[in-house]
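Trainee: Numbers 29 to 203, taken from the working numbering, label the letters of the sequence shown in order. The beta carbon of each residue, even a glycine, is placed where N, CA and C say it ideally should be.
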Amino acid sequence: MSKPYRNLLIIILAIFVAACVFFLSIYEIHENKLQNENQIGHKSLKVKNLYARVSSPSAKSGAIFFIIENGTDIEHHLIGARVNVAKKAELHTHSVDKGGVMSMIKIDGGIKLQPQSRAIFKRGGNHVMMMGLKNGLQNGETFSLDLIFDHKTLELEVSVDNEKSIQKHEHKMSH
Ligand SMILES: [Cu+2]
Numbered sequence: 029m030s031k032p033y034r035n036l037l038i039i040i041l042a043i044f045v046a047a048c049v050f051f052l053s054i055y056e057i058h059e060n061k062l063q064n065e066n067q068i069g070h071k072s073l074k075v076k077n078l079y080a081r082v083s084s085p086s087a088k089s090g091a092i093f094f095i096i097e098n099g100t101d102i103e104h105h106l107i108g109a110r111v112n113v114a115k116k117a118e119l120h121t122h123s124v125d126k127g128g129v130m131s132m133i134k135i136d137g138g139i140k141l142q143p144q145s146r147a148i149f150k151r152g153g154n155h156v157m158m159m160g161l162k163n164g165l166q167n168g169e170t171f172s173l174d175l176i177f178d179h180k181t182l183e184l185e186v187s188v189d190n191e192k193s194i195q196k197h198e199h200k201m202s203h
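So, in structure tokens, the structure goes:
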């Protein structure tokens, strides 16, 4: 084989190897994506494990907990909440100061949900705070909740469950 031909063969071989590496890496990215899709398991924006708590039937405030799953391929931005049983509903989180004292603060700017991700609203963490409950809430009572996103509003029904314990998988996912 003459030298120019051998060089050409080497170049063709190198291109072939590069192409193989390229397609393998694409395949890997595709595989990872599928695994994430399996984790969420649906292609929509969903709310799970939804419930509310009040400290007593006559309490003037209460909290709502849930998990939002964004199974879509776009970012969704939770910007607020609305309930018909209270004057006001706000997105809250807990913060701990230097002295270890826990207090609740409003989440400014809301919460952004990346495609194929979850946001967990749980006790001791993020929650929807209801302020100025009009008639109080009984255990087992249901009411409507609007979760307001930048592109859509989810209309949900919440039931008051004061006995609900903190869920095992909810706890695990917080780590
Ligand atoms: Cu709060």
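#1: Leaving out five residues on either side along the sequence, give the residues of the same chain with a beta carbon under 7 angstroms from the beta carbon of residue 140.
#2: Report the option in 190, 175, 189 whose CA atom is closest to the CA atom of residue 183.
#3: Where in the stretch 153-185 do unbroken runs of the beta strand (DSSP E), each at least 3 residues long, occur, reported from the N-terminal end onward?
#4: Who are residue 115's beta bridge partners in DSSP?
#5: Counting by C-beta, which residues lie closer than 7 angstroms to a heavy atom of ligand 1, in chain order?
#6: State the Cα-Cα distance for the pair residue 100 and residue 71, rounded to the nearest angstrom.
#7: Would residue 188 pass as a contact of residue 158 if the rule is Cβ separation under 7 angstroms?
#8: Which same chain residues, not among the five before or five after residue 82, have their C-beta less than 6 angstroms away from its C-beta?
#9: Give the DSSP bridge partners of residue 98, in chain order.
#10: Please check if any C-beta of chain C sits within less than 7 angstroms of the C-beta of residue 185.
#11: Can you tell me which residues form a DSSP beta bridge with residue 81?
#12: Mapping the DSSP letters down to three states, classify residue 34 as helix, strand or coil.
#13: Would you kindly check if the distance between the Cβ of residue 93 and the Cβ of residue 171 is under 7 angstroms?
#14: Tell me the residue span of the beta strand (DSSP E) that contains residue 134.
Mentor: Well, looking at it:
#1: 103, 105
#2: 175
#3: Within the stretch 153-185, the complete beta strand (DSSP E) segments at least 3 residues long are 155-161, 170-177, listed from N- to C-terminus.
#4: Bridge partners of residue 115: none, in fact.
#5: 91, 120, 132, 155, 157
#6: Computed Cα separation, rounded: 5 angstroms.
#7: no
#8: 90, 165
#9: 73, 145
#10: The structure shown contains no chain C; it holds only a single protein chain.
#11: 91
#12: helix
#13: no
#14: Annotation: the continuous beta strand (DSSP E) that includes residue 134 extends over 130-134.
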